[in-house]
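Structure first, commentary second.
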Amino acid sequence: MHRLAVLALSLLVLCITAFPSALARETNADRLRRGYPPLPPTRRGTAKRANPSISPLQTSGGVLEVRDQSGTQRLGFVENLSDRSPLLGVSDPGTPQSQHLQATFSGSAHTLVATNAAFPAPFFLGSDFPFVEEPNQPPPGEVLFTNVPSSSGAQVWSFNPTTNELTGKSTSTVALPNPSGGTVPTVFWWDRFENVLSFVTDVPTFSNTAKQTEPPDQQPLVVTFFLVQPN
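When the letters of the sequence shown are read in order and numbered with our numbering, they come out as residues 48 to 278.
Set out below in structure tokens:
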């Protein structure tokens, strides 16, 4: 019995000495020293690429592009002129880029600031208050889209980084502060006859009025704003 145990132990030592790779992973260096070819490549699992986290957009800059109500057809760009009144209209897409107003959106402040303005300060863009009728001013329910101080009339914007569309802070409409309290939902309105951009609260009423006073081919349009990179 003792002799069998000694024999088994001797065989174990011999195996370990002759075949060390049985207990340790064989390397290409070991194989080359013994005259064997390298090991075949080991297939490893492909590491998954982490998707970049999407953080809330804080700032974005570009040219203010004006499109139709559906957001699919470009109508022009917000004008950048120093000598027109009212200040902001729509320029033809073929005009020089220097006449296209550029702006930066701030997500933390919900503001839009002109960055290449040909006009004097202020450079915040928003609504001209109040909703009241004055001589040579828009009637109630319409306020001009123009340069304004950093006030409640400027802090009305949101920006969709997927579509590049500028909208109101929480909805597709822009809710402007009402002097009597609360907010008023509005849409972007382009009076093509006068070339004036404004915020309008009652589209049917303004459309009916325009049909009576303005040429058929220059009827006002509900438009949308987009912040795009210059061509």
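We treat Cβ as the ideally placed atom computed from N, Cα and C, and that holds for glycine.
{"Item": "Residue(s) in a DSSP beta bridge with GLU189", "Value": "VAL247"}
{"Item": "Supposed contact pair GLY123 and SER145 - C-beta distance, whole angstroms, cut 8 Å", "Value": "So it is not a contact: roughly 15 Å between Cβ atoms."}
{"Item": "Sheet register partners of THR233 (DSSP bridge)", "Value": "VAL221"}
{"Item": "Pair within 8 Å by beta-carbon distance, THR214 and VAL221", "Value": "yes"}
{"Item": "Separation of PRO208 from GLN184, as counted between CA atoms", "Value": "Confidence is the limiting factor: at GLN184 the pLDDT is only 46, short of 50, which leaves the residue's position unreliable and the question unanswerable from this model."}
{"Item": "CA nearest to the CA of VAL234, picked from LYS258, VAL203, THR260 and THR106", "Value": "VAL203"}
{"Item": "Inter-residue spacing [alpha-carbon to alpha-carbon] between LEU134 and LEU111", "Value": "14 Å"}
{"Item": "Check whether VAL46 and TRP237 have beta carbons under 8 Å apart", "Value": "Here the chain covers residues 48 to 278 and nothing more, so residue 46 does not appear."}
{"Item": "Boundaries of the beta strand (DSSP E) in which PHE21 is found, first to last residue", "Value": "Residue numbering for the chain in the displayed model covers 48 to 278; residue 21 lies beyond these limits and cannot be assessed."}
{"Item": "Member of PRO143, VAL160, THR142 and GLY141 whose CA lies at the smallest distance from the CA of ALA150", "Value": "VAL160"}
{"Item": "Simplified DSSP state of GLN120, which is helix, strand or coil", "Value": "coil"}
{"Item": "Distance, LEU268 Cα to VAL243 Cα", "Value": "11 Å"}
{"Item": "Residue burial classification, ALA201 (beta-carbon count within 10 angstroms, cutoff 16)", "Value": "buried"}
{"Item": "Cβ shell of GLN120 (< 8 Å), same chain only, five flanking positions each side left out", "Value": "ARG114"}
{"Item": "Sequence-distant residues of its chain with Cβ nearer than 6 Å to VAL270 (five each side left out)", "Value": "VAL113, PHE235 and TRP237"}
{"Item": "Identity of the residue in ASN255, PHE170 and ASN163 nearest PRO277 by Cα", "Value": "ASN163"}
{"Item": "Opening and closing residue of the beta strand (DSSP E) in which ARG114 lies", "Value": "106-115"}
{"Item": "Reduced DSSP category for GLN276 - H, G, I as helix; E, B as strand; rest coil", "Value": "coil"}
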